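Encoded structure:
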């Protein structure tokens, strides 16, 4: 029975929805649900309710929109400010992983020659990690703004840029002479330059003129997306690369968030069809395929630690900030499937390589989900082994340099609130600088505190040894300003119990993010419980009540002046 294209799209969307719900309940990426739906309703191993030949042209729209929106989220200004660790890791990770992949591919049966370029596709695919999985899980764990989180996101941005460069040469891999590849790269660079010039001198005028017409804003952005995609195709480059460049070129516009918000539904609809179509083409994996996928998953994970961890450790970021970004990035990217799918369409690689990448994506999505959820706990288990292998942590260097003397006040963990508290204490009495100590595992914080002459111990406040080195037994006041969602491997309640054992005579100030938690901490014997929302809202209350009777110009001026006077460790 033949089903027309609208019927096939309907079946695909319904099946994708059902399988996505199942994936969500199993705490897996919805992409896996979409591909599973394709397997079930597709012609290869399923019921044959859809024809990939009919849906594939429409699904390509989703791919173009996906890459356009990835480009919109790449902020080149922030990339320039990323710092040496992110740049070094972003460049080194990809190059090292590609080199390792090129070495492994022939060993597992993917040889080059003739019309196949399997080794390069294999190497590039395993060098890319999943933005979708990483960002979602780090966001849920409140780790996007942590040092390992910022490094992780920076490496992902660099991977997107590497992908752009590969997409530039991909159509011409069939003629891999130096001249052809150089010409292809030149076309790519020319397209990027043209797009950036347009975004600098022409597009701002266009977008300002349509900004007053919200219904036209999305159409204008999509026109730019498909215009650059068509130009890329005309130049012999991939349309997908053009979409990515189109997004990057307007990523710094003030309207990009509005465009993303309006285009996301379109993208989700079409990209769902893309992954359903991809799943519909997957053959049943053989035992050999499963073994290859397991080997690839193990190799991918190992390659992250071989490429990222040594670079970050050599820059003296400490074992935690060197280990966790590598663990966070230990999965295959959806972008890898995109690249391999395009490679199959161009005749560069066999479908078996695409199938291998799909199975590897499934495996690494499962393993990396738990790896990210328990990244700090895994680090605590592995760190002693790293130290024995010669990776001396910052805490060991500190112990050799000097023993931190006892201080009356010890700040346990250095959050944004702790940074502001330190500023206020020193503003009140500069002499307190010699009466303070800080315990934290952020190497950037340690460097700045060292520069300011503030005693500090590098380490995890959840460890008794770390607290012992901070001499908390002789402290008068112990302060934890980090609420439970941001604490790694411990909680304020567990910390309080630990402090009562190690420093029974000290006054203990801990933090609660919810009122029942505060009550529990008081019941456990806390000297004082800091509830940030209760204290901050009192000042906000006064501002709101003042606004009922007059304008807020005086308050606004005072607040702006105060911002200029604060010289905090964490601005």
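Numbering (the numbering used here), first residue to last: 117 to 687. All residues carry an ideal CB built from backbone N, CA and C; glycine is no exception. Nothing here was measured: the structure is a model prediction, and the numbers come from that model.
### Query
How long is the line joining the alpha carbons of residue 237 and residue 381, rounded to whole angstroms?
For the purposes of this step, residue 237 is taken as the residue at position 121 of the chain shown. For the purposes of this step, residue 381 is taken as the residue at position 265 of the chain shown. So the two alpha carbons sit approximately 31 Å from each other.
### Message
Tell me which residues share the same chain as residue 491 and place their Cβ nearer than 6 Å to its Cβ, disregarding the 5 neighbours each side in the sequence.
### Response
As a position in the chain shown, residue 491 is number 375, starting the count at 1. The residues are 440, 443.
### Message
Which residue wins for smallest C-alpha separation from residue 165, given the options 607, 598, 392?
### Response
Here residue 165 is taken as the residue at index 49 of the chain shown, counted from 1. Comparing Cα-Cα distances from residue 165 to each of 607, 598, 392, the minimum goes to 392.
### Message
Measuring straight from C-alpha to C-alpha, what distance separates residue 568 and residue 550?
### Response
Against the chain shown, residue 568 aligns to sequence position 452. Against the chain shown, residue 550 aligns to sequence position 434. Near 11 Å, if we compare the C-alpha coordinates of residue 550 and residue 568.
### Nonlocal neighbours in the same chain, by C-beta distance under 8 Å from residue 584, ignoring five residues either side
Position 468 of the chain shown, counted from the first residue, corresponds to residue 584. If we look at residue 584 and ignore the five residues flanking it on each side, its Cβ neighbours are 618.
### Query
Looking at the unbroken alpha helix (DSSP H) that takes in residue 646, where does it start and where does it end?
Numbered from its first residue, the chain shown carries residue 646 at position 530. No alpha helix (DSSP H) holds residue 646; the beta strand (DSSP E) holding it covers 644–646.
### Neighbour-count burial assignment, residue 420, 16 or more Cβ in a 10 Å radius
Numbered from 1 along the chain shown, position 304 holds the residue referred to as residue 420. Buried: at least 16 other Cβ atoms inside 10 Å.
### Task
Count the other C-beta atoms from every protein chain shown that fall within 10 angstroms of the C-beta of residue 518, then say buried if there are 16 or more, exposed otherwise.
As a first step, residue 518 is located in the chain shown; it is residue number 402 there, counting from the start. In this prediction, residue 518 scores a pLDDT of 45, lower than 50, which makes its location untrustworthy; the coordinate-derived value is nonetheless stated afterwards. Exposed, by the Cβ-count rule.
### Runs of alpha helix (DSSP H) wholly within the segment 200–237 (minimum 4 residues, chain order)
200–220
### Message
Please tell me whether residue 288 has its Cβ less than 8 Å away from any Cβ of chain B.
### Response
The structure shown contains no chain B; it is built from a single protein chain.
### Query
Would DSSP call residue 639 helix, strand or coil?
Mapped onto the chain shown, residue 639 falls at position 523. Correct three-state label for residue 639: helix.
### Query
Which whole runs of the alpha helix (DSSP H) in the segment 494–556 are 4 residues long or more, in chain order?
510–517, 532–544
### Backbone CA spacing between residue 514 and residue 201 [nearest angstrom]
Your numbering for residue 514 matches position 398 in the chain shown. Your numbering for residue 201 matches position 85 in the chain shown. Legend: pLDDT at residue 514 = 45, less than 50; position of this residue unreliable, value from coordinates given subsequently. Taking the straight line joining both Cα atoms gives about 21 Å.
### Query
From this set, 350, 384, 472, which residue's C-alpha is nearest residue 405's C-alpha?
On the chain shown, residue 405 is found 289 positions in, with the first residue counted as 1. If we check each option's Cα against that of residue 405, 472 comes out closest.
### Task
Go ahead and label residue 516 buried or exposed: buried means 16 or more other beta carbons lie within 10 angstroms of its beta carbon, across all protein chains shown.
Start at 1 with the first residue of the chain shown, and residue 516 comes out as number 400. At residue 516, the pLDDT of 40 sits below 50, so the modelled position is not reliable and the matter cannot be decided from this model.
### Message
Any contact between the segment 360–369 and the segment 306–318? By contact I mean 3 or more CB pairs, one from each, below 8 Å.
### Response
Contact annotation: the segment 360–369 touches the segment 306–318, with at least three C-beta pairs closer than 8 Å.
### Query
Which word fits residue 506, buried or exposed, when buried means at least 16 other C-beta atoms lie within 10 angstroms of its C-beta?
Taking the first residue of the chain shown as position 1, residue 506 is located at position 390. Residue 506 should be labelled exposed.
### Task
Might you give, ordered along the chain, the residues of its own chain that have their beta carbon closer than 8 Å to the beta carbon of residue 168, omitting 5 neighbours on each side?
By 1-based counting over the chain shown, the position of residue 168 is 52. So the list reads 158, 159, 393, 396, 397, once near-sequence residues are dropped.
### Query
What's the C-alpha gap between residue 673 and residue 656?
Counting from one through the chain shown, the residue named residue 673 turns up at place 557. Counting from one through the chain shown, the residue named residue 656 turns up at place 540. About 16 Å.
### Residue from 489, 344, 277, 414 with nearest C-alpha to residue 251
If you number the chain shown from 1, residue 251 lands on position 135. Of the candidates 489, 344, 277, 414, the one whose C-alpha sits nearest the C-alpha of residue 251 is 489.
### Query
Going by other Cβ atoms of all chains shown within 10 Å of its Cβ, with 16 needed for buried, is residue 176 buried or exposed?
Mapped onto the chain shown, residue 176 falls at position 60. Looking at its Cβ environment, which holds 16 or more other Cβ atoms inside 10 Å, residue 176 is buried.
### Message
Can you list, in chain order, the residues of its chain with a C-beta nearer than 8 Å to that of residue 592? Leave out the 5 residues immediately preceding and following it.
### Response
Position 476 of the chain shown, counting from 1, holds the residue named residue 592. Once the five neighbours on either side are set aside, the close Cβ partners of residue 592 are 524, 525, 622, 623.
### Query
Contact between the segment 444–452 and the segment 414–430: three or more CB pairs below 8 Å?
yes
### Query
Are the CB atoms of residue 155 and residue 206 nearer to each other than 8 Å?
Translated into positions along the chain shown, residue 155 becomes position 39. Translated into positions along the chain shown, residue 206 becomes position 90. Their beta carbons are not under 8 Å apart, which means residue 155 does not touch residue 206 by this criterion.
### Task
With DSSP as the reference, please indicate the residues paired to residue 594 in a beta bridge.
Locating residue 594 in the chain shown gives position 478, where the first residue counts as 1. Paired residues: 526, 624.
### Task
Select from 494, 269, 602 the residue whose C-alpha is nearest the C-alpha of residue 199.
The residue given as residue 199 occupies position 83 in the chain shown. Between residue 199 and the set 494, 269, 602, the nearest pair of CA atoms involves 269.
### Query
Measuring CB to CB, does residue 453 end up less than 8 Å from residue 224?
Counting from one through the chain shown, the residue named residue 453 turns up at place 337. Counting from one through the chain shown, the residue named residue 224 turns up at place 108. Pairing residue 453 with residue 224 gives a Cβ-Cβ distance that is not under 8 Å.
### Message
What residue range does the beta strand (DSSP E) around residue 572 cover?
### Response
By one-based count along the chain shown, residue 572 stands at place 456. Residue 572 -> beta strand (DSSP E) spans 571–574.
### Message
Please return the same chain residues whose Cβ sits closer than 7 Å to the Cβ of residue 136, not counting the five positions on each side in sequence.
### Response
If you number the chain shown from 1, residue 136 lands on position 20. Sequence-distant partners of residue 136 (beyond 5 residues in either direction) whose C-beta falls short of 7 Å from its own C-beta, in its chain, are 146, 149, 150.
#### Entry: Cβ pair residue 555, residue 529 closer than 8 Å
Here residue 555 refers to the residue found at position 439 of the chain shown. Here residue 529 refers to the residue found at position 413 of the chain shown. Closer than 8 Å, so yes.
### Task
Answer with buried or exposed for residue 121, where buried requires no fewer than 16 other C-beta atoms within 10 angstroms of its C-beta.
Position 5 of the chain shown, counting from 1, holds the residue named residue 121. Exposed is the call here.
#### Entry: Span separating the alpha-carbon of residue 598 from that of residue 604
The residue you call residue 598 lines up with position 482 of the chain shown. The residue you call residue 604 lines up with position 488 of the chain shown. Cα to Cα, residue 598 sits roughly 10 Å from residue 604.
### Query
Got a sec? Which residues, its chain only, sit under 8 Å from residue 125 by beta carbon, not counting five neighbours each side?
Stepping through the chain shown from its first residue, residue 125 is reached at position 9. Excluding residues within five positions, the ones whose Cβ falls inside 8 Å are 171, 174, 389.
#### Entry: First through last residue of the alpha helix (DSSP H) which encompasses residue 165
Mapped onto the chain shown, residue 165 falls at position 49. Where residue 165 is concerned, there is no enclosing alpha helix (DSSP H), given that its DSSP letter is neither H nor E.
### Query
What whole-angstrom Cβ distance do residue 484 and residue 249 have, given they're in contact under 8 Å?
Position 368 of the chain shown, counted from the start, is the residue given in the question as residue 484. Position 133 of the chain shown, counted from the start, is the residue given in the question as residue 249. 6 Å between Cβ atoms; contact.
### Query
Under the rule that 16 or more other beta-carbon atoms within 10 Å means buried, what is residue 562, buried or exposed?
The sequence position of residue 562 within the chain shown is 446, counting from 1. With 16 or more other Cβ atoms within 10 Å, it is buried.
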